Each structure stands twice: as C-alpha cells, then as structure tokens.
Amino acid sequence: MFTILQKISSPSDLKSLVPEELEALCGEIRRHIVECCSGNPGHLASSLGAVDLTVGIHYVYNAPSDRIIFDVGHQAYAHKILTGRMEAFRQNRKRDGISGFPNRDESEYDAFGVGHASTSISAALGFAEAARIAGRKEKVVAVIGDGAMTGGLALEGLNNAGNSSADILIILNDNDMAIDGNTGGLHSHLLKITTNPTYNRFRDKLWDRLGAGKARQRIQKLVRKTKQGLVTPSGGDLFEAFGLRYFGPIDGNDINQVVSTLERLRTIGGPKILHVITKKGKGYAPAENDPTTWHAPGTFDIATGKRLGGKTTVSRYQDVFGEVLCEMAEKDRRIVAITPAMATGSGLTGFAEKFPDRFFDVGIAEEHAATFAAGLAAGGMKPFCSIYSSFAQRAFDEIIHDAALQHLPVVFCLDRAGLVGEDGATHQGVFDLASLRCIPGMTITAPANENELKDLMHWALREDRGPVVIRYPRGLGEGLDWRAHEPADIEYGKGSKVCDGERVAVIALGPEVNRAMEAARRIKEETGRGPAIFNARFLKPFDADILAQVSEYEAALTVEEGCLKGGLFSEVAEGLALAGAGTKVRGLGVPDIFIKQDSQAAQRKDCRLDAEGIYSELIGWFR
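Per the working numbering, the very first residue in the sequence shown carries number 18; after that it's consecutive.
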C-alpha cells in the first residue's frame with residue numbers, strides 16, 4: 018500500500034532516504050491521514066499542511082534526544098505517524114487508542130503534552146535551559162502556528178527567550194498567509210547567506226572583536242536596519258525586536274527547502290525563529306479550498322469530499338446561543354459579542370455577519386477577551402463573551418480582577434462545558450463550576466434545555482449584579498421547539514422542583530436534569546414510587562428554598578457534569594451541614610481524575626452521568 022511509509026518505524030529510518038523519497042513519503046503520509054480521518058474524525062487541515070515541515074524536522078534533528086515540541090498539537094499527526102504510531106493512528110482519539118494531541122504518557126517522542134495554545138515557546142525554553150544546566154548537547158525545536166502566536170503566553174515566552182542565550186529554534190508555522198511577491202530571488206539569497214555556517218562564524222567573531230563599545234553598536238544598528246529593510250515585508254523586524262534572530266519566510270510545503278534550511282540552522286546557536294509558510298489542507302483539494310470547515314470535518318467520503326454526518330432536526334446549544342443573541346441584538350444596540358478565535362464553533366458567524374461593528378474575534382487570547390469584555394461593560398455595553406469552558410481556565414485572573422472585583426455585567430457564555438468526547442483530557446470543560454464558584458459576586462447558571470438557555474440569556478441582559486456565567490454543553494439539545502418559546506421570567510438565584518417524590522431528593526444542574534427525570538420515570542414505572550427531582554438552575558447563588566426542601570428528605574443526590582469536588586455536590590453538602598440537617602448526601606459527577614478520549618456518551622456512562630447511572634444510584638431506595 019505504501020512503498021516508503023511502511024519502512025518507517027522511527028525517525029532514525031528517515032536518515033537513509035534521498036530527497037526524492039522524502040517528497041514521496043510526504044505524499045504517503047497525507048494519504049494515510051486522509052484515509053484514517055475519513056472514517057475516524059480528527060483535526061485534518063492543519064495536520065495536512067504541516068506534513069513536509071514535520072518530515073523535515075525529523076530528518077534533520079535526532080528525536081527523542083533532540084526535543085521537538087508542538088503547540089496545540091492539531092498539526093502533529095505526521096509526527097505521530099513517523100514515531101512508531103502509524104497503525105495506532107487508525108485508533109486516534111478513540112477509547113484505548115492514542116490521544117489526538119502529543120502526550121508524554123504515550124511516547125518518548127512526545128517531549129511535552131499539549132492541547133491548549135501558546136505553550137510551546139515557554140516549554141521549549143525550559144527544555145533548553147535544563148539541557149544547558151545539565152550539560153546536555155541536545156537541540157530544542159518549538160513548532161507554533163500563527164494563530165497560537167497571538168496568545169499572551171507565546172509573547173511572554175518570546176520575550177524571555179530573546180533575553181536568553183538558550184539554543185532554541187522556534188518555527189512559526191504560518192498557514193494563513195502567502196509568501197509576499199517581493200520576497201523572491203533576493204530574499205532566497207539573503208536566507209542562504211544568513212543561515213550559512215561560515216557567515217555565522219565570521220559574524221560572531223566580528224562582534225567579539227568589536228567588543229562592547231560604540232563602534233559595535235553603530236555597525237550592529239546599520240546591519241539591523243539593512244536586514245530589516247529586506248525582511249520587513251515578512252514581519253522579521255518584530256522578532257528581531259524581541260532579541261531573536263529571524264530567518265524566512267520559506268515554503269514549508271517544499272521538503273527540499275525545509276531540509277536545507279533546517280540543516281543550516283542546526284549549526285547556529287542561540288535563540289532564533291524560522292518563519293515557514295504552509296497551506297492548510299495541503300494535498301487534499303476539499304480541505305485546501307475550505308480549511309475552516311475541514312479543520313475538524315467529521316466523517317467524509319474521500320473521493321467526493323462529501324461530509325457524512327447524519328442529519329438531525331435537533332439544534333445544538335451553540336446554534337441556539339448564536340441565533341438568540343442575534344434576536345436580542347436587533348432590539349438592544351448595547352449587546353456585543355466576543356470570541357477568542359471560535360466564531361464558527363460558538364455559533365457566532367451569523368452575529369458577525371449581521372452586526373460586524375459589534376462583533377469581536379480577538380484571536381487566541383482568552384485573557385484579553387475577558388478584560389476586553391470588562392472594558393466594554395465599563396463603557397456601557399452588554400458584552401456576551403463566548404469561550405470554550407476548558408479555555409476559560411486561562412482567563413481566571415482576569416475574570417476575578419477585571420470583571421468580578423469591579424462588579425461589571427459581563428456575560429461569560431461557557432461553551433463545551435462538561436465532557437467533550439474525543440478531544441480528551443486537555444479539553445474537558447469540567448473545572449469551571451469548582452473554580453468559579455469561589456469568586457465573590459459571581460453568578461453561575463446552567464440551563465437544562467434550549468428553552469432555558471434562551472430564558473437565561475434574556476435574564477442576563479436585564480441583570481446588573483456583576484459577571485454572570487451561563488454554561489452549556491457541546492452538541493445537541495433536547496429537541497425542544499425553542500424558536501417558538503417566549504422567554505420566561507427567571508428569578509435571580511431560583512431553581513424549581515420538576516418532579517414530586519419521596520425519600521430521596523435529586524438536585525441536578527444543567528442538562529443532567531433530563532437524565533435524572535429519565536431515571537425517575539423508570540423507577541416509578543417499576544416500583545410505583547420515586548425520587549423528587551430539583552432543577553438547581555443556579556449554582557451560585559444556590560436556591561435556599563431548594564436547600565430547605567431537600568433537608569426534609571432522608572437522602573439527597575446531586576448530579577452535575579463537572580468536578581465532584583468543589584461544584585454542586587460541595588455546595589449542597591456544605592449547605593446542609595451548616596443547616597444542621599441530617600440528610601445523607603451523595604454526588605454523581607466527574608471523579609478526581611483526568612478523563613481520557615472517548616465518545617461523550619461513553620464518558621458520561623463511565624462517570625455514571627447517564628440515565629442508567631443515575632437509576633443505579635437511586636433504585637435501592639425504592640425496592
């Protein structure tokens with residue numbers, strides 16, 4: 018099937034290949050990625066674009082002794098395939114299969130575990146300094162995308178790296194730009210000169226002989242100005258200002274240029290950055306033509322490029338959020354929407370089209386998104402800031418310092434809250450309830466269904482008590498006709514009793530209310546009796562009336578798709594203890610472990626958060 022790829026069991030096998038074979042290998046890797054991802058969905062477009070670059074890195078460097086650190090990891094599929102996981106890649110992102118991202122527990126070639134953006138430079142600098150202190154002669158390479166470079170952590174890492182003498186190569190994988198027309202023959206010639214070992218030895222000796230006086234400063238200033246004049250169209254002056262030597266840009270989809278450039282750069286010490294241009298979706302036409310859709314396309318037919326996902330009339334929570342926000346914004350010009358590079362995934366593309374002057378995609382910059390939203394609120398706007406739950410962790414300080422402390426009415430819409438499925442441990446949105454509950458003045462809500470999401474959005478617009486969190490899960494809602502639903506009045510801090518019962522009170526938060534109702538109906542069908550069910554709706558402030566009612570039952574069971582420690586279970590247990598109630602309290606939620614990749618349904622089953630798990634926990638009380 019593959020003439021070259023089947024011979025590659027580790028990066029060392031690349032060393033014997035000739036340039037023509039490297040190019041053919043890149044084609045075979047792309048074919049393998051497309052074939053695997055067609056039936057087993059993954060992050061496709063970015064990985065296809067980075068194949069030649071990844072092959073070149075492993076051809077020139079000697080992993081695992083040389084450290085190769087990927088940012089985010091969306092582009093790391095070729096890396097996994099080249100490092101002994103070609104067949105395992107068929108089980109990418111599946112239960113008991115390999116992770117969709119580099120993972121230190123999975124392979125010695127995965128030097129640093131990733132999943133969130135902008136971490137690679139800081140981690141690589143740590144590796145480089147550790148090697149220096151220990152006296153190890155290893156090379157360190159960080160691969161970061163142009164999107165991740167907008168993150169504050171990446172800029173902090175750049176600033177620190179530029180002020181160090183660490184032997185580190187940062188590769189900027191720029192897959193959203195084309196090489197400028199004025200960087201042709203002259204630019205290529207300049208690149209060859211600046212990466213030439215002889216030139217660099219002469220350069221270093223010249224600076225040493227000139228010493229630290231004014232003569233050296235004047236000559237260096239002249240050199241910088243001349244070089245900047247040549248590379249400014251590529252943005253090199255920005256990185257030079259950070260103290261890093263800049264090289265590029267080069268065509269990252271030209272394996273020969275990648276290899277020749279990396280071979281030269283390997284001999285140059287100190288902190289440096291190589292600007293590489295790649296094309297998302299390279300080698301597969303549908304992905305090249307629409308890289309946004311093909312970032313994570315689901316299953317598809319390879320020959321036609323037709324996506325095969327089943328059709329449904331049930332709306333996603335993300336779509337409800339986006340459409341309702343548009344309706345609200347039609348009537349209230351104060352409403353603005355903010356997202357850190359997640360407009361499509363958050364359901365905000367329609368808002369962006371209708372209200373471009375009130376829509377802000379701030380890039381991968383969650384901290385900035387939170388403080389920017391706080392500034393908008395202080396300026397009289399009503400910001401709805403949509404962030405994936407697992408990424409909102411990065412803005413914890415800003416939520417406290419800039420929103421909560423100043424009582425600013427920012428509505429933080431935490432998308433992908435709860436268990437997220439195949440993306441695994443790095444992306445689980447299960448920490449928000451526990452982490453945000455401790456913040457004074459914070460309001461935390463979770464809708465049980467699409468109608469309640471609509472209700473809470475309208476309620477949050479009217480409120481002016483400080484920051485509000487509305488959390489909702491990834492994927493489909495309950496199938497309600499939410500468009501026909503007229504927003505109901507929500508009372509601050511109030512939940513509701515949705516089902517009468519005896520002996521046991523079940524307090525559920527978010528869509529888990531529906532799973533609890535399923536379990537209760539089954540128990541009543543089998544025994545004629547069953548538990549009472551409460552929809553908490555608010556975690557903070559928690560409904561004191563619900564707590565008082567629960568204290569009259571023999572036992573209470575909390576159900577939440579979040580960490581058991583610190584969330585709803587903690588809130589109810591603490592409240593009952595403080596009230597001196599004798600009610601026995603148990604909780605169902607995410608245990609104190611990191612949940613690995615699997616389907617959402619399987620993860621919920623493992624955590625006993627499906628209807629069957631809730632039923633099993635309760636049935637003993639009624640038999």
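Ideal Cβ positions, reconstructed from N, Cα and C, are used throughout, including at glycine. Note that the structure is predicted; figures quoted are calculated from it, not measured.
- Within the model, the alpha-carbon separation for residue 259 versus residue 292 is close to 15 Å.
- In the DSSP annotation of this structure, the continuous segment of the beta strand (DSSP E) that includes residue 186 starts and ends at 185-191.
- Beyond the five residues adjoining it in sequence on each side, residue 325 comes within less than 8 Å, by CB distance, of 315, 316, 317, 318 in the same chain, given in chain order.
- Within the same chain, and ignoring the five residues on either side of residue 568 in sequence, the residues whose Cβ sits closer than 7 Å to its Cβ are 593, 596, 598, 600.
- Residue 345 has its alpha-carbon roughly 14 Å from the corresponding atom of residue 480.
- Annotated as distal: residue 524 and residue 472, with beta-carbon spacing of 8 Å or more.
- Within the model, the alpha-carbon separation for residue 369 versus residue 487 is close to 21 Å.
- If you look at residue 575, you'll find it in the beta strand (DSSP E) that goes 572-580.
- Counting only runs that start and end inside the region 315-372, the alpha helix (DSSP H) elements of at least 4 residues fall at 334-348, 366-371.
- By a beta-carbon distance limit of 8 Å, residue 363 contacts residue 403. Their separation comes to about 4 Å.
- Pairing residue 613 with residue 442 gives a Cβ-Cβ distance under 8 Å.
- Here residue 449 is near residue 434, since their CB atoms are less than 8 Å apart.
- By the criterion of a C-beta distance shorter than 6 Å, residue 553 is surrounded in its chain by 512, 524, 526, once the five residues flanking it on both sides are discounted.
- Residue environment analysis places residue 627 among the buried positions, since at least 16 neighbouring C-beta atoms fall within 10 angstroms of its C-beta.
- Membership of residue 48 in the alpha helix (DSSP H) is indicated by the continuous run 36-56.
- Rounded to the nearest angstrom, the Cβ distance from residue 36 to residue 273 is 6 Å, consistent with a contact under 8 Å.
- Judged by DSSP in its simplified three-state form, residue 548 adopts coil rather than helix or strand.
- Contact between residue 390 and residue 169 does not hold, since their C-beta atoms are separated by about 15 Å, which reaches or exceeds 8 Å.
- Under the Cβ criterion (8 Å, minimum of three pairs), the region 138-151 does not count as touching the region 91-111.
- Distance from the CA atom of residue 44 to the CA atom of residue 532, rounded to whole angstroms, is 47 Å.
- For residue 501 and residue 470, the gap between their C-alpha atoms comes out near 14 Å.
- Taking every protein chain shown into account, the CB of residue 50 has 16 or more other CB atoms within 10 angstroms, so this residue is buried.
- Where residue 265 is concerned, the enclosing beta strand (DSSP E) starts and stops at 262-268.
- Taking 3 residues as the minimum length, the beta strand (DSSP E) runs contained wholly in the region 87-173 are 157-162, in order along the chain.
- Counting along the chain, residue 403 sits inside the beta strand (DSSP E) bounded by residues 399-405.
- For residue 605, the beta-bridge partners assigned by DSSP are 576.
- The three-state reading of DSSP puts residue 631 in helix, counting H, G and I together.
- Burial state of residue 536 is buried, judged by a 10 Å Cβ sphere holding 16 or more other Cβ atoms.
- The alpha-carbon of residue 398 is positioned some 30 Å away from that of residue 133.
- The beta carbon of residue 530 is closer than 6 Å to those of 465, 552 in its chain, skipping five residues each way along the sequence.
- In the three-state DSSP reduction, residue 513 falls in the strand class (E or B).
- DSSP, reduced to helix, strand and coil, places residue 435 within a strand of the structure shown.
- Residue 74 sits close to residue 85, with the two beta carbons spaced by under 8 Å.
- Between residue 461 and residue 416, the C-beta spacing is not below 8 Å.
- Here residue 161 is near residue 189, since their CB atoms are less than 8 Å apart.
- In the displayed model, residue 488 falls within a strand according to three-state DSSP.
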